[in-house]
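Only one structure is covered here, and it is reproduced in the block below.
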Amino acid sequence: MKTLKLTLATALLAVSALASAEEAVLKVSAIPDEAPTELQRKFAPLGQYLEKELGMKVQFVPVTDYAAVVTALNSDKIDMAWLGGFTFVQASLHGKVVPLVQREEDSKFTAKFIVNTAVGAKSLQDLKGKSFAFGSASSTSGHLMPRYFLQKEGIKPETFFKNVAYSGAHDATVAWVASGKVDAGALNASVWEKLVQSGKVDGSKVKLLATTPPFYDYNWTVRGNLDKKLQARISAAFLKLDPKNPQDKAILDLQRASRFIPTKADNYKGIEAAAEAAGLLK
Amino acid sequence: MLSSHPRDPARWPRLLTLLLCLALLAPSFSLTQFNPATLANPDSWRTMAGFVAGFFPMALQADFLRDVARETLTTLASATAGIALAMLLGAPLAFATSHALQRHVLGGERPARLAGWLASLLRGLMVILRGIPEIVWALLLVRAVGLGSLPAVLAIGLAYGGMLAKVYAEILESQTPGLASALYLQGASRWQCLLYGLWPQALPELLSYSVYRWECAIRASAVMGFVGAGGVGQLLDTSLKMLNGGEVSTLLLVFLLLVSLSEGISLLSRRALASVAATRMLPALGLLAVAASVLWLWPGWRDSGFDTSAIVRFARDFFPPASDMLTEIGHGIVETLAMSGLGSVLAFMAGAVLAMPAAGRFGTAAKWLSRLLLNVLRGVPDLLWASIAVLAVGLGPAAGVLALALHTTGVLGRLFAETLENADPEPELALQQAGAGRLLAFAYGQLPTVFSQWLAYTLYRWENNIRSATVLGIVGAGGLGQQLYLALSLFQQHRAASLIIAMLLLSWAVEQLSRYCRQRMG
Amino acid sequence: MSLRFDSVSLQLGGTDILRDISLSLAQGEQAALIGPSGAGKTSLLLLAATRYCPSHGSLNLLGDNPWHLSPRWLAGLRSRIGMIYQAAPLPARQRVVHAVAAGRLGQMSGWSALRQLLWPDDTAAILDSLQRVALADKLWQRCDQLSGGQRQRVGIARVLHQRPALMLADEPVAALDPRLADDTIRLLCEEASTHQSTLLVSLHSVELALAYFPRIIGVRDGQIMFDLPREQVHPGVVSALYAGERLREPAEPPAPAASRQDLRC
Numbered sequence: 001m002k003t004l005k006l007t008l009a010t011a012l013l014a015v016s017a018l019a020s021a022e023e024a025v026l027k028v029s030a031i032p033d034e035a036p037t038e039l040q041r042k043f044a045p046l047g048q049y050l051e052k053e054l055g056m057k058v059q060f061v062p063v064t065d066y067a068a069v070v071t072a073l074n075s076d077k078i079d080m081a082w083l084g085g086f087t088f089v090q091a092s093l094h095g096k097v098v099p100l101v102q103r104e105e106d107s108k109f110t111a112k113f114i115v116n117t118a119v120g121a122k123s124l125q126d127l128k129g130k131s132f133a134f135g136s137a138s139s140t141s142g143h144l145m146p147r148y149f150l151q152k153e154g155i156k157p158e159t160f161f162k163n164v165a166y167s168g169a170h171d172a173t174v175a176w177v178a179s180g181k182v183d184a185g186a187l188n189a190s191v192w193e194k195l196v197q198s199g200k201v202d203g204s205k206v207k208l209l210a211t212t213p214p215f216y217d218y219n220w221t222v223r224g225n226l227d228k229k230l231q232a233r234i235s236a237a238f239l240k241l242d243p244k245n246p247q248d249k250a251i252l253d254l255q256r257a258s259r260f261i262p263t264k265a266d267n268y269k270g271i272e273a274a275a276e277a278a279g280l281l282k
Numbered sequence: 001m002l003s004s005h006p007r008d009p010a011r012w013p014r015l016l017t018l019l020l021c022l023a024l025l026a027p028s029f030s031l032t033q034f035n036p037a038t039l040a041n042p043d044s045w046r047t048m049a050g051f052v053a054g055f056f057p058m059a060l061q062a063d064f065l066r067d068v069a070r071e072t073l074t075t076l077a078s079a080t081a082g083i084a085l086a087m088l089l090g091a092p093l094a095f096a097t098s099h100a101l102q103r104h105v106l107g108g109e110r111p112a113r114l115a116g117w118l119a120s121l122l123r124g125l126m127v128i129l130r131g132i133p134e135i136v137w138a139l140l141l142v143r144a145v146g147l148g149s150l151p152a153v154l155a156i157g158l159a160y161g162g163m164l165a166k167v168y169a170e171i172l173e174s175q176t177p178g179l180a181s182a183l184y185l186q187g188a189s190r191w192q193c194l195l196y197g198l199w200p201q202a203l204p205e206l207l208s209y210s211v212y213r214w215e216c217a218i219r220a221s222a223v224m225g226f227v228g229a230g231g232v233g234q235l236l237d238t239s240l241k242m243l244n245g246g247e248v249s250t251l252l253l254v255f256l257l258l259v260s261l262s263e264g265i266s267l268l269s270r271r272a273l274a275s276v277a278a279t280r281m282l283p284a285l286g287l288l289a290v291a292a293s294v295l296w297l298w299p300g301w302r303d304s305g306f307d308t309s310a311i312v313r314f315a316r317d318f319f320p321p322a323s324d325m326l327t328e329i330g331h332g333i334v335e336t337l338a339m340s341g342l343g344s345v346l347a348f349m350a351g352a353v354l355a356m357p358a359a360g361r362f363g364t365a366a367k368w369l370s371r372l373l374l375n376v377l378r379g380v381p382d383l384l385w386a387s388i389a390v391l392a393v394g395l396g397p398a399a400g401v402l403a404l405a406l407h408t409t410g411v412l413g414r415l416f417a418e419t420l421e422n423a424d425p426e427p428e429l430a431l432q433q434a435g436a437g438r439l440l441a442f443a444y445g446q447l448p449t450v451f452s453q454w455l456a457y458t459l460y461r462w463e464n465n466i467r468s469a470t471v472l473g474i475v476g477a478g479g480l481g482q483q484l485y486l487a488l489s490l491f492q493q494h495r496a497a498s499l500i501i502a503m504l505l506l507s508w509a510v511e512q513l514s515r516y517c518r519q520r521m522g
Numbered sequence: 001m002s003l004r005f006d007s008v009s010l011q012l013g014g015t016d017i018l019r020d021i022s023l024s025l026a027q028g029e030q031a032a033l034i035g036p037s038g039a040g041k042t043s044l045l046l047l048a049a050t051r052y053c054p055s056h057g058s059l060n061l062l063g064d065n066p067w068h069l070s071p072r073w074l075a076g077l078r079s080r081i082g083m084i085y086q087a088a089p090l091p092a093r094q095r096v097v098h099a100v101a102a103g104r105l106g107q108m109s110g111w112s113a114l115r116q117l118l119w120p121d122d123t124a125a126i127l128d129s130l131q132r133v134a135l136a137d138k139l140w141q142r143c144d145q146l147s148g149g150q151r152q153r154v155g156i157a158r159v160l161h162q163r164p165a166l167m168l169a170d171e172p173v174a175a176l177d178p179r180l181a182d183d184t185i186r187l188l189c190e191e192a193s194t195h196q197s198t199l200l201v202s203l204h205s206v207e208l209a210l211a212y213f214p215r216i217i218g219v220r221d222g223q224i225m226f227d228l229p230r231e232q233v234h235p236g237v238v239s240a241l242y243a244g245e246r247l248r249e250p251a252e253p254p255a256p257a258a259s260r261q262d263l264r265c
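Pasting the structure below:
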């Protein structure tokens with residue numbers, strides 16, 4: 001029995017010891033608001049750019065769960081993450097994190113309500129008794145802000161809709177509404193526009209129903225105890241991306257950003273208040 | 001005499017039982033929003049056909065297949081490492097709690113109070129370990145130690161550790177009692193009693209059960225990807241979310257192959273256990289497999305890190321559990337019960353129908369076809385069926401009903417076919433001889449014998465299904481699981497704690513109830 | 001002619017069970033089959049019950065060759081042939097009422113048979129059959145709660161309920177005590193006479209056969225040794241029939257059980 005315990009303890013110790021061995025790598029992750037393969041594709045050129053600018057290895061850690069990104073950042077398992085407004089609020093409530101930059105678009109971000117054309121709804125009120133899909137429960141533009149907006153319209157999703165579901169990602173929401181798995185859904189405006197532009201939305205099946213008022217959304221956030229100089233260099237690298245330079249433009253386009261601008265924690269007070277009001281910060 | 005019992009004296013109790021069952025079942029339909037009429041609706045058939053057509057052609061791109069191969073190995077390795085951990089955890093727990101090795105049983109000494117308390121405490125721990133479904137352990141551990149295969153291994157280790165401890169203890173208790181006691185009375189220690197008195201005769205059964213659990217662990221490990229714990233499940237989760245049917249069908253095929261492979265290995269090794277050489281070979285092979293698994297998983301673990309203080313902090317967040325959600329929990333429990341009940345009843349009916357051809361009643365071709373179908377239904381775990389059913393019939397408890405019905409049909413159909421094959425054919429043949437049609441000969445000659453066994457199997461599966469139904473919500477199929485997943489996503493740990501306690505209580509209550517029923521039925 | 005075998009032989013699994021059997025029974029005739037164990041008595045009865053198809057020769061039952069009939073007609077023929085087995089083929093958990101009712105399955109419509117399974121309504125006739133084997137008080141009991149002798153009598157009651165034109169019985173009283181055996185054989189003979197049914201019974205006990213049956217057929221090694229009226233069956237004939245018989249024990253196959261492991265995970 002003792003030997004068993006000893007073996008177990010040694011094994012655990014060995015794992016933790018190996019894990020804590022530091023390497024000069026910047027570990028970056030992103031909330032999985034789109035398919036993991038899409039996230040990796042989007043990040044590849046930005047990662048190479050950061051490697052060049054910072055002079056250190058940059059590693060992308062794919063994650064399939066919003067909350068896991070927040071936990072990983074709070075427990076220092078990753079150094080930097082692409083967070084949504086709500087996940088940023090969650091992270092800042094559970095530990096020290098520093099928001100560095102955001103896309104210019106993120107200061108006036110919106111969410112879209114879409115509906116299957118077969119439902120024949122003209123307004124949000126027509127969705128009474130239908131099924132409805134949010135994105136991930138932890139998503140700002142896929143859940144929090146649409147919910148907050150619905151609440152302001154006097155709609156409590158759990159009782160107003162027949163069924164409330166969480167698709168997990170924005171593109172999944174569109175696929176679900178298009179296929180009729182759910183009648184309507186809410187998602188991030190930028191993903192919606194990307195899908196519309198690339199022709200991946202069948203206009204005969206899905207149509208836009210409403211748009212939320214603008215709010216602050218995504219940003220790049222680092223863990224609080226990351227070296228301050230490194231933080232500054234990361235910020236600078238992002239801000240240096242110039243839309244007039246074709247190379248930089250390619251990177252920005254993939255991020256669906258016109259350019260990056262500095263951001264601060266106070267920008268997200270509104271999100272926090274909305275989360276509080278929607279009862280998502282219990 | 002002639003008119004002493006003109007009427008069936010059991011007619012009212014029977015009628016009442018039937019009515020009670022119907023009365024309980026009827027609200028289940030509305031509770032789970034499961035509408036059988038939609039199955040008959042040509043519109044939904046067309047949707048279904050489109051859905052199934054989406055599964056073809058299968059995705060066979062080289063880089064996708066490479067991913068699949070890698071994740072399949074990870075799944076296998078996680079299950080193997082997880083079972084090893086479960087055995088390390090289960091063996092000492094079994095030793096400490098088995099009644100076969102208590103001093104007062106061995107030597108008639110007065111039970112020591114402290115040791116008794118300790119044993120009860122450990123038994124309580126075992127109940128908690130196995131009462132929380134492995135997928136919930138995985139969900140929690142993904143949050144506590146990060147993504148990847150490590151939480152899968154730990155989840156299997158913890159949940160199956162509790163289960164193995166209980167079964168190991170029972171196996172030790174079922175051995176001939178005199179042997180260990182004789183040694184103890186000669187002055188041997190409890191350890192020596194175990195090694196010399198119980199071990200030799202119990203070893204094949206212990207090994208056999210462990211191998212069987214390994215087979216179950218593979219199925220469990222394959223779906224853990226749904227909560228982010230790596231393996232084929234994670235690929236499947238992504239493909240399902242993106243409605244990529246081709247990838248889904250490839251993964252399902254891989255999944256079925258994996259399950260049947262592990263079933264084959266497990267069957268072979270359990271058969272081989274009859275020989276002495278195998279009882280020596282098998283542990284050696286097992287150790288080799290565990291070493292290989294750990295080697296394969298190691299790079300992933302090194303990256304994910306293991307921070308004990310983070311786990312403690314994470315665990316502390318759960319206290320105190322939220323106390324203001326009784327109605328939500330009540331609703332979740334009712335929904336869970338309705339889902340499992342309806343799913344089991346549907347599975348009973350479908351299983352009975354499929355068992356006929358599977359028992360060889362309609363020729364060889366029908367037999368193998370129906371067996372294949374039953375194996376596919378059984379091979380795919382209910383959680384996976386649920387994630388597919390969510391796509392097919394939409395989110396909510398109806399998908400849960402369908403998933404439980406599909407998986408349980410596979411399990412019950414096979415068992416039903418076995419009872420049919422093992423039942424005495426004489427009564428039915430005699431009736432056919434007397435000119436009864438096939439259906440009537442079956443109803444009067446075979447059904448009375450097999451029906452009670454079928455019912456017993458179905459009740460047993462229902463118990464299992466209640467437990468499964470608590471977690472189906474993780475993929476969006478209603479019940480307590482959905483609330484738990486949401487609470488954890490929103491960092492509402494207090495609420496999550498209450499939900500986990502509710503799951504534990506439900507699973508514990510069901511276990512006690514079914515044990516009580518079985519004791520009464522004798 | 002109720003039953004006619006024309007040089008019938010039967011092979012099962014390559015071995016000869018019965019060879020060149022010729023035999024006929026007129027409507028309403030009663031005969032006993034005697035002979036050592038393994039002589040082929042049971043097989044002969046099973047041939048008459050259409051369980052087996054003869055390998056050679058032809059068979060006529062109640063005016064038809066069963067193996068030239070369509071399935072539908074065969075079922076009709078079978079519903080007029082009743083067979084009492086050595087061990088009554090009753091499902092363990094079935095209740096006596098259904099076990100007896102099953103005798104008339106061949107004459108009932110499918111629906112009423114299924115309905116009766118839930119809600120038995122033909123109890124008067126069933127009770128009547130049971131009363132004749134002195135088991136009227138067991139109507140609502142389960143078969144597995146009865147003794148071996150009682151189960152056997154339930155089996156007989158089933159055939160009485162069936163009212164067949166041709167009644168076959170394979171050692172029907174082997175499990176009964178001598179007095180009850182006596183009563184039962186008398187009952188079978190009386191029933192057969194009342195309904196003008198043909199009766200062919202195989203018996204272990206030569207005394208019983210001689211006491212109740214006017215015609216005795218001796219079978220040995222798959223052949224008919226003699227077929228004589230009772231008066232001509234001398235002790236010498238009987239001892240020649242049983243000469244050198246050895247006792248054989250039938251082997252019980254072990255009952256397989258589903259392991260509990262299959263139920264989990």
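Protein chains in written order, with UniProt numbering: chain A, 1 to 282; chain B, 1 to 522; chain C, 1 to 265.
Each residue gets a CB set at the ideal place from its N, CA and C atoms; glycine is no exception.
Kindly indicate if chain B contains any beta-carbon less than 8 Å away from that of residue i.
i        : result
C/Trp67  : no
C/Gln94  : yes
C/Ser7   : no
A/Glu22  : A caution first: A/Glu22 carries a pLDDT of 47, below 50, which makes its placement in the model unreliable, though a value can still be read off. So, not an interface residue.
C/His161 : no
C/Thr15  : no
Quick check: is the beta carbon of residue i nearer than 8 Å to any beta carbon in chain A?
i                      : result
B/Ala502               : no
residue 523 of chain B : The structure shown does not extend to residue 523 of chain B, since chain B is modelled only from 1 to 522, so the question has no answer here.
B/Glu143               : Per the sequence shown, the amino acid found at residue 143 of chain B is Arg instead of Glu. At least one chain A Cβ lies under 8 Å of B/Arg143.
B/Phe34                : no
I'd like to know if residue i contacts chain C, where contact means its C-beta is closer than 8 Å to some C-beta of that chain.
i        : result
B/Leu2   : The pLDDT assigned to B/Leu2 is 45, lower than 50, so where the model puts this residue is not dependable, and the model offers no usable value.
B/Tyr444 : yes
B/Leu431 : yes
Tell me whether residue i, by its Cβ, gets closer than 7 Å to a heavy atom of the ligand NAP.
i        : result
B/His407 : Among the components modelled here there is no ligand, and therefore nothing to report on the ligand NAP.
Cβ atoms of residue j and residue i: under 8 Å apart, would you say?
i                      : j        : result
B/Ile132               : B/Met503 : yes
residue 285 of chain A : A/Val69  : Since the first residue shown for chain A is 1 and the last is 282, residue 285 of chain A is missing from the structure and cannot be characterised.
B/Leu377               : B/Thr409 : yes
B/Gln483               : B/Leu505 : no
B/Gly146               : B/Leu85  : no
B/Gly435               : C/Gly106 : yes
Practice prompt. Give, in chain order, every residue of the stretch 25-37 of chain A whose Cβ lies closer than 7 Å to some Cβ of chain B.
Written response: So the close ones are Ala35 and Pro36.
Practice prompt. Specify whether the stretch 340-351 of chain B and the stretch 5-18 of chain C touch according to this definition: at least 3 beta carbon pairs, one from each stretch, less than 8 Å apart.
Written response: Between the stretch 340-351 of chain B and the stretch 5-18 of chain C, the count of C-beta pairs closer than 8 Å stays below three; the two stretches do not touch.
Discussion item. So if I threshold CB-CB distances at 9 Å, which residues from the stretch 78-93 of chain C count as touching chain B?
Written reply: The residues in question are Arg78, Ser79, Arg80, Ile81, Gly82, Met83, Tyr85, Ala87, Ala88, Pro89, Leu90, Pro91, Ala92 and Arg93.
Practice prompt. Quick one: which residues of the stretch 209-221 of chain A get their C-beta closer than 9 Å to a C-beta of chain B? List them in chain order.
Written response: Within the stretch 209-221 of chain A, no residue has a Cβ lying closer than 9 Å to any Cβ of chain B.
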